[in-house]
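Below: one structure, written as structure tokens.
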Amino acid sequence: MKNIRQRYILFEIILPPKAPAMEISQELIMKALWDSLFTLFGQKKTFNAGLWMIRWDSMHRIGIIRVDNVSKLELIASMAFIRKLEGVPVIFHSRKTSGTVKKTLKRWREFFKTEPPKRDFK
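The sequence shown begins at 1048 in this note's numbering and counts up one residue at a time.
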């Protein structure tokens, strides 16, 4: 049996140029990911994936999501199947996967030239 470890996926949400300006909330993203993962892989895989949003920058639409190493590829596939959020067409683009938050935050700074937001404990 494999050891279950955590993976951190750095992703961005791309909107079309003529799309209406919209605020994409953390809850909306998590609901879309849960629904997509549930539709494609079923209840057991969705429950065992352990999805958790680590960071989310709504202004730049960049985030880090935590998932276990066994479900990493399924989550990335599920992201590709999300086509709309609240009727607005979107593209989920997974940029990098890492085993530590520190390395993922470093990649955030390299790719996007912005500082990640501080962790809020809701």
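By construction, the Cβ of each residue, glycine as well, lies at the ideal position given by its N, Cα and C atoms.
Inset, instruction - Would you mind sorting residue 1106 into buried or exposed? The rule is 16 or more other CB atoms within 10 Å of its CB. - result: For this step, residue 1106 is matched to residue 59 along the sequence shown. It is exposed - the Cβ of residue 1106 has fewer than 16 other Cβ atoms within 10 Å.
Inset, instruction - For residue 1058, I'd like the list of residues in its chain whose CB is within less than 8 Å of its CB, leaving aside the five on either flank, ordered along the chain. - result: The residue you call residue 1058 lines up with position 11 of the sequence shown. Same-chain partners within the cutoff: 1109, 1110, 1111, 1112, 1126, 1139, 1140, 1141, 1142.
Inset, instruction - Return the CA-CA distance between residue 1097 and residue 1146, expressed in angstroms with no decimal places. - result: Against the sequence shown, residue 1097 aligns to sequence position 50. Against the sequence shown, residue 1146 aligns to sequence position 99. Their Cα atoms are separated by approximately 15 Å.
Inset, instruction - Determine, using beta carbons only, whether residue 1152 comes closer than 8 Å to chain C. - result: You won't find chain C in this structure, because it holds only one protein chain.
Legend entry - Nearest to residue 1069 (by Cα), restricted to the options 1137, 1116, 1164, 1153: As a first step, residue 1069 is located in the sequence shown; it is residue number 22 there, counting from the start. The residue with the shortest Cα to Cα distance from residue 1069 is 1137.
Legend entry - Beta-carbon proximity of residue 1118 to residue 1092, cut-off 8 Å: Position 71 of the sequence shown holds residue 1118. Position 45 of the sequence shown holds residue 1092. It is a contact, given that the beta carbons lie within the stated cut-off.
Inset, instruction - Count the other CB atoms, across all protein chains shown, that sit within 10 Å of the CB of residue 1079; report buried if there are 16 or more and exposed otherwise. - result: Position 32 of the sequence shown, counting from 1, holds the residue named residue 1079. Buried is the call here.
Inset, instruction - Check residue 1145 in the structure and name its three-state DSSP category. - result: As a position in the sequence shown, residue 1145 is number 98, starting the count at 1. If DSSP states are grouped into helix, strand and coil, residue 1145 belongs with the strands.
Legend entry - Sequence-distant residues of the same chain with beta carbon closer than 6 Å to residue 1083, five excluded per side: Working through the sequence shown from its first residue, we reach residue 1083 at position 36. For residue 1083, where only same-chain residues beyond five positions count, the Cβ hits under 6 Å are 1125, 1128, 1129.
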